[in-house]
Amino acid sequence: MMDADAEQAGAIADKLNSEIRRGTLVLAVLSQLQQEHYGYSLRKTLAEAGLDVEEGTLYPLIRRLEKQGLLHSEWREEDRRRKRFYRLSETGAQVYDRLLADWQALSQHLAALTGP
Amino acid sequence: MDTHTDTAMDSAIDTEQAILVESYLHEVGRYLPQAQRNEILADLQDAVVEEVTSAAPEEDAREVLRRFGHPFRVAGKYLPQRYVIGPTLYPVFMHILKLALIVAFAGQVLVSLALAQMQGWQIGPFGLLWGTLELLIWVFAVVVAVFVALEFSGEKLNWYEDWTPGARPSGALGVVLPGDVLSNLVTEGFFLLWWNDVVVLDNFLPAGSYELALTAVWTPLYWPLNALMGVAFVLHLLVLLRGVWQRSTQLVEMACNAAVVVLGLYLLTTGPLAAIVSDGEMISSEVTFFLQMIVKAAIFVVIAVTLSDMRLGWRVLIGARAPDAAAPTH
């Protein structure tokens, strides 16, 4: 019975955890695109920071952000290969600043609620 | 997909990988709308080629594509998230759908009765069931279509934000159990159709030209039963639409139940209620006797169930006054 409860709790926690991650992924991506990245390097940078993102999630997200005008992209040749480099636009920088401020305020509230 | 990007892929990865990637992109493209397909596939191809060419030597294209995910899933991630009927509209949709189905059924009963009276229209039980099912499917389709259109129009029902909390309807006693009341409504509806010869049941019994018929005892009950079932039908329709029992509707329900008990007791004390006839004549008295026992046992069960309902209804009415009686005086 206890194993079943633990399993159920684990499944619920996984589901809620993925909702939290989904909500924070945009902020994570925008934070790294203050510097120029191409898709692979962005994914690697996020993974090294502990945020593993699937390719099938990251690239559609980048496309959506670019469509919204938050990113600029340009093709350049590097290491004899053509790569598409992304960087925050002016609008993207403003949106990032706002999201960051909201996130920091939320973190403080949560810290106060959950205690030391 | 334009020649420029195809050339770029060909030069970045080998032929075998290119075939694999092309096949993957083709699969993803099957799930994309035509208007956006080329643009999305061009973006996706860039992403896939980048990952394949940047991957570690021990990772092959298949592994990279597996990490991208099933084509169906990837296509979904490139499209804006869309609900057919979203979470904002869904509760309203379900409520309206239930109301529409109930009103459609009630309307069908009333129209059938009217047609029978005016034009002598009749129908068999399977025809009635099929017609009812067909009507309900149409109602379902129309309500779904309306709410899908609302969803795609971006309607968020913001006018609900002007809501002001209010008291329940006056004399409210409790929430309706929709299953119970709906089954009453359906039973009463079909009874009215059968009682008025709109639905013609095949009373013929197997193994011969025998027919199950009601005796003349029922003749004086034609209008009383029409009135009783008609009142009960309208009552249960109102209660279902309002969603709450009130003191007035509970009292009408009690009165209807009392009438059922009185009629039941009358039928129990009268002569034969049903007969099996052949060529217009009743068959053996033994069979008739057993038939009477079965019919009267059924009526006895109806009376017992109705009395139980009346007891519950009375407790609900009394219970509604109890809080006032128990209110502390200072």
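If you read the protein sequences in the order shown, they are chains G and Y.
When we follow my numbering, the leftmost residue of the first sequence carries the number 1, and every step to the right adds one.
When we follow my numbering, the leftmost residue of the second sequence carries the number 1001, and every step to the right adds one.
Quick reminder that beta carbons are idealized off the backbone N, C-alpha and C, glycines included.
Model, not experiment: these values are computed from the prediction.
Chain-order list of residues whose beta-carbon lies under 7 Å from that of Leu1135 (chain Y) (same chain, five-residue window excluded): So the qualifying residues of the chain are Ala1104, Gln1108.
Residues in the stretch 27-61 of chain G having any Cβ partner in chain Y nearer than 7 Å: Per Cβ criterion, the list reads Tyr38, Gly39, Tyr40, Glu54, Glu55, Gly56, Thr57, Tyr59, Pro60.
CB of Thr118 (chain G) within 8 Å of CB of Gln32 (chain G), strictly: In the structure displayed, chain G extends from 1 to 116; residue 118 (chain G) sits before or after that span and is not available.
Those runs of the beta strand (DSSP E) which lie wholly inside the stretch 1075-1129 of chain Y and span at least 3 residues: Listed in chain order, nothing qualifies, since the stretch 1075-1129 of chain Y has no complete beta strand (DSSP E) run of 3 or more residues.
C-alpha gap between Asp1197 (chain Y) and Trp1223 (chain Y), whole angstroms: Asp1197 (chain Y) and Trp1223 (chain Y) have their C-alpha atoms roughly 13 Å apart.
Beta-carbon separation (whole angstroms), Asn1257 (chain Y) vs Asp1309 (chain Y), contact threshold 8 Å: Contact holds; Cβ gap of about 6 Å.
Cα-Cα separation between Pro1342 (chain Y) and Tyr1266 (chain Y), rounded to whole angstroms: Any property of residue 1342 (chain Y) remains undetermined from this structure, which presents chain Y solely from 1001 to 1330.
Proximity winner among Y:Leu1079, Y:Asp1162, Y:Gln1045, relative to Ala1035 (chain Y) (alpha-carbon distances): With distances taken between CA atoms, Ala1035 (chain Y) lies nearest to Y:Leu1079 out of Y:Leu1079, Y:Asp1162, Y:Gln1045.
Proximity below 8 Å, CB of Tyr1024 (chain Y) to CB of Val1048 (chain Y): Against a cut-off of 8 Å, the Cβ pair of Val1048 (chain Y) and Tyr1024 (chain Y) comes out as a contact.
Below-8 Å beta-carbon distance, Thr1053 (chain Y) vs any chain G residue: Interface flag for Thr1053 (chain Y) against chain G is set, since a Cβ pair is found closer than 8 Å.
Helix, strand or coil at Gly23 (chain G) according to DSSP, with G and I counted as helix: Three-state DSSP puts Gly23 (chain G) in a helix.
Distance, Leu1177 (chain Y) Cα to Val1301 (chain Y) Cα: Their Cα atoms are separated by approximately 22 Å.
Leu100 (chain G) versus Tyr38 (chain G): straight-line alpha-carbon distance, rounded: Taking the straight line joining both Cα atoms gives about 22 Å.
Neighbour-count burial assignment, Phe1093 (chain Y), 16 or more Cβ in a 10 Å radius: When all chains shown are included, Phe1093 (chain Y) counts as buried.
Whole beta strand (DSSP E) elements within the stretch 1175-1251 of chain Y, 3-residue minimum: Runs found: 1210-1214, 1244-1246.
Whole runs of the beta strand (DSSP E) within the stretch 48-84 of chain G, excluding any shorter than 3 residues: Runs found: 71-78.
Contact list for Arg1082 (chain Y) against chain G, beta-carbon separation under 8 Å: Result: empty, since nearest Cβ-Cβ is about 14 Å, beyond 8 Å.
Contact set for Ala6 (chain G): own chain, Cβ-Cβ below 8 Å, skip 5 residues either direction: Within the same chain, Ala6 (chain G) has no close Cβ partners at all.
Three-state secondary structure (DSSP) of Ser1278 (chain Y): It is a strand residue.
Beta-carbon proximity list for Gln34 (chain G), same chain, < 6 Å, skipping 5 on both sides: Only Leu88 meet the Cβ criterion.
Span of the alpha helix (DSSP H), counted from its first residue to its last, around Leu33 (chain G): According to the DSSP assignment, Leu33 (chain G) belongs to no alpha helix (DSSP H), since it is labelled neither H nor E.
Where the alpha helix (DSSP H) containing Glu1058 (chain Y) begins and where it ends: That residue, Glu1058 (chain Y), is in no alpha helix (DSSP H); it is neither H nor E in DSSP.
Any 3 or more C-beta pairs closer than 8 Å across the stretch 1069-1087 of chain Y and the stretch 54-69 of chain G: Verdict: yes, contact present.
Alpha carbon of Ile1040 (chain Y) to alpha carbon of Glu74 (chain G), nearest angstrom: Using only the alpha carbons, I get a separation of about 17 Å.
Cutoff 8 Å: Lys1296 (chain Y) Cβ touching any chain G Cβ: Answer no: the Cβ-Cβ gap between Lys1296 (chain Y) and chain G never drops below 8 Å.
Contacts of Phe1068 (chain Y) in chain G (Cβ-Cβ under 7 Å): Result: Glu55, Gly56.
Residues sharing a beta bridge with Ala4 (chain G), DSSP: Residue pairing from DSSP leaves Ala4 (chain G) without any beta-bridge partner.
CB contact below 8 Å: Lys15 (chain G) versus chain Y: When Cβ-Cβ separations below 8 Å define contact, Lys15 (chain G) makes no contact with chain Y.
Meets three-Cβ-pair contact criterion under 8 Å: the stretch 1013-1022 of chain Y and the stretch 1042-1056 of chain Y: Result yes; three or more Cβ-Cβ pairs closer than 8 Å.
The stretch 71-95 of chain G: positions lying closer than 8 Å to chain Y by Cβ: Those would be Arg81, Arg82, Lys83, Arg84, in chain order.
Contacts that Asp1046 (chain Y) makes with chain G (C-beta to C-beta distance below 7 Å): Those are Arg84, listed as they occur along chain G.
Which residues DSSP lists as bridging Arg1037 (chain Y), in chain order: Paired residues: none, contrary to the question.
Proximal residues to Gly1131 (chain Y) (C-beta, below 8 Å), its chain only, five neighbours per side dropped: Excluding residues within five positions, the ones whose Cβ falls inside 8 Å are Gln1108, Ile1123.
Rounded separation between Ser18 (chain G) and Val1028 (chain Y) - CA only: Rounded to the nearest angstrom, the two C-alpha atoms are 24 Å apart.
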